[in-house]
Amino acid sequence: MWWDMSIKVPSSESHPHLQSGSERRKQGPPFAGVRVLVVEDIAINQQVAREILQREGCVVTLVGEGQGALELVAQQPFDLVFMDLHMPGWDGMETTRQIRKIPGLEGLPVVAMTAHAFEHDRQQCLESGMNDHLTKPINFDTLRQVLHRWLPAWKPAQAPTVVPGEHETGDSLHVVPNLPGFDLSVGLSNVVGNRLLYRILLRKFFRITLDTSARLQQALAEKEYGQAKVLVHGLVGAGGNLGALSLTRAARDLEQELTGGAISTDEMLQQKWTTLQHCMEEVLTALNQWGGAGHGAQQVDLSQFMDQEKRALLYQLLEKLHAMAASKDVVEGMRWVEQLESQLAGCQLVTEAELLVEQFFGCDFVQAQQTITRIQNTLAANV
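Position one of the sequence shown corresponds to residue 765 (the numbering used here), numbered consecutively onward.
Below you can see the structure in the form of structure tokens.
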């Protein structure tokens, strides 16, 4: 890695929580209690980073832009920051420069995250105050090495009893078949084997790819190459994390063509765009046919879908889910959501159940209560 010769190692003076190796606890996650800020604008990349870090015991805070990150580090303590280089507004380097101006944060480790490792980025990142580099898609072993490098003698706090993302139920609903355009072994490895999270992220990727395809076509037609590069960059990171390897390569090729503001030829640009279009079509078709995007199965009208017995069962499930959301019980909540999703398969309300999966998984209990109520009202209106 091209950063190794210039690493700025934190001292015990700048990080008083660092302890000697003999004082480490041997039980539990090795980095339980480490306060990590992830600065990343792509939701899929945020969730992948959070899943890996939480598996190591870290307490993770997510923020999507540089100014928000600056406000957070000024208000609360963090032990490590992972900083995306390419974001709207302030990029990662400008955000790091601003962080270094805050008294007391001169020694806060800031690790760059980027889908590229171009040599010309090296000096700029070092000059901005960054300490290290992590290439996306994030690899679990590499991220663990970064944690050990910057927190070499961390003394773990008491690990939380429940970490969002660790609740695997083993239900067949979470099995993802082989999908054209995806290397499932790569995608599952990147989310440390969490099939539920992978399934959730595939749904998000369907929506992102569908939206990006239309917006990218418009940006290229209008020669808005700066905007086109931003859109393609999002595909590179998200696609790489989920194992959409052909799409990621095609997106990276187009991004490089758009980099620097000098388009070689219209023919070359069109060729790379066409290749990316084919890859996006393959991914969208696969996800749509699988049904994991919420659009696969033909949906029927509610009045034709359920009898009185099934309707009573759904009301029971929804009351259970209300109780799980009120008590903030993620694990049991996920089990009941699975049953609800299975019962609603084939009707238009299945997309609401899929939304509940994301809300319980993300501990968004207020929104979950609202979704449950919305499902109940829809059922009541379709007697």
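Note that beta-carbon positions come from the ideal geometry of N, C-alpha and C, so glycine has one too.
message: Buried or exposed, going by whether 16 or more other CB atoms sit within 10 Å of the CB of M765?
response: Low per-residue confidence applies at M765: pLDDT is 31, beneath 50, and the placement is therefore not dependable enough to give any value.
query: Secondary structure at M1032, three-state DSSP: helix, strand or coil?
result: helix
- prompt: What is the DSSP secondary structure of A876, counted as helix, strand or coil?
  reply: strand
query: Taking the alpha helix (DSSP H) that F1124 falls in, what are its first and last residues?
result: V1114 to F1125
query: Pairing CB atoms from the stretch 853-871 with CB atoms from the stretch 900-920, are three or more of them under 8 angstroms?
result: Taking 8 angstroms as the limit for Cβ pairs, the verdict is that the stretch 900-920 does not touch the stretch 853-871.
Endpoints, the alpha helix (DSSP H) within which F970 is located: R959 to A985
Identity of the residues DSSP links to F846 by a beta bridge: V802 and V875
query: How is C1111 classed by DSSP in three states: helix, strand or coil?
result: strand
- prompt: Can you name the residues that DSSP bridges to H897?
  reply: A876
query: With 16 as the cutoff for other CB atoms within 10 Å, does P941 come out buried or exposed?
result: exposed
- request: Could you check what DSSP says for L826 in three-state terms: helix, strand or coil?
  value: The three-state reading of DSSP puts L826 in strand, counting E and B together.
message: On the CB-based measure, 16 or more other CB atoms within 10 Å of its CB, does I866 come out buried or exposed?
response: exposed
query: Less than 7 angstroms separating the beta-carbons of T1135 and L1119?
result: The answer is yes: Cβ separation under 7 angstroms.
query: Can you tell me the Cα-Cα spacing of V908 and D855, whole angstroms?
result: In the sequence as presented, Val is not what sits at residue 908; that position holds Arg. Using only the alpha carbons, I get a separation of about 25 angstroms.
- request: Could you spell out where the alpha helix (DSSP H) holding N942 opens and where it closes?
  value: Premise fails: N942 is in no alpha helix (DSSP H) and is neither H nor E.
query: Hey, how far is the Cα of V827 from the Cα of D1071?
result: 45 angstroms
task: Counting only the same chain and skipping the five closest in sequence on each side, list residues whose C-beta sits under 8 angstroms from that of K993.
output: E1019, L1022 and T1023
query: Which same chain residues, not among the five before or five after Q981, have their C-beta less than 6 angstroms away from its C-beta?
result: none
- prompt: Three or more beta-carbon pairs under 8 angstroms between the stretch 962-980 and the stretch 797-813, yes or no?
  reply: Between the stretch 962-980 and the stretch 797-813, the count of C-beta pairs closer than 8 angstroms reaches three or more; the two stretches touch.
query: Does the beta-carbon of K1036 have 16 or more other beta-carbons within 10 angstroms, so that it is buried, or is it exposed?
result: buried
query: Per DSSP, what kind of secondary structure is F1129 in: helix, strand or coil?
result: helix
task: Please name the residue, chosen from G957, I816, G990 and P944, that lies closest to P794 on a Cα-to-Cα basis.
output: I816
query: Taking Cβ to Cβ, would you say T956 is nearer than 7 angstroms to R819?
result: Reading off the sequence shown, one finds Val at residue 956, where the question assumed Thr. The answer is yes: Cβ separation under 7 angstroms.
field: Cβ pair count under 8 angstroms reaching 3, the stretch 844-863 against the stretch 796-804
entry: yes
message: Can you give me the C-alpha to C-alpha distance between L995 and T976, rounded to a whole angstrom?
response: 6 angstroms
Distance between beta carbons of L1011 and G1003, contact taken as under 8 angstroms: 5 angstroms
query: How would you call V875, buried or exposed, if buried means at least 16 neighbouring beta carbons within 10 angstroms?
result: buried
task: Would you identify the three-state DSSP class for G1097, choosing helix, strand or coil?
output: helix
- prompt: Are V837 and I863 touching if we call contact CB-CB under 7 angstroms?
  reply: yes
query: Which of helix, strand or coil does DSSP assign to D1017?
result: helix
field: Backbone secondary structure at V927 - three-state DSSP
entry: Bear in mind that the predicted position of V927 carries a pLDDT of just 39, short of 50, making it unreliable; the figure below should be weighed with that in mind. Coil.
message: The alpha helix (DSSP H) that contains V996, what's its start and end?
response: Y989 to L1006
task: Have a look at V1130 and V1101 and give me their C-alpha separation to the nearest angstrom.
output: For V1130 and V1101, the distance between alpha carbons rounds to 15 angstroms.
Per-residue DSSP class, three states only, for T933: The predicted model places T933 with a pLDDT of 44, which falls under 50 and marks its position as unreliable, so this point remains unresolved.
Nearest-angstrom Cα separation, counted from F904 out to Y989: Taking the CA atoms as reference points, Y989 sits about 34 angstroms from F904.
- prompt: Is the CB-CB distance between G1097 and F1124 below 7 angstroms?
  reply: yes
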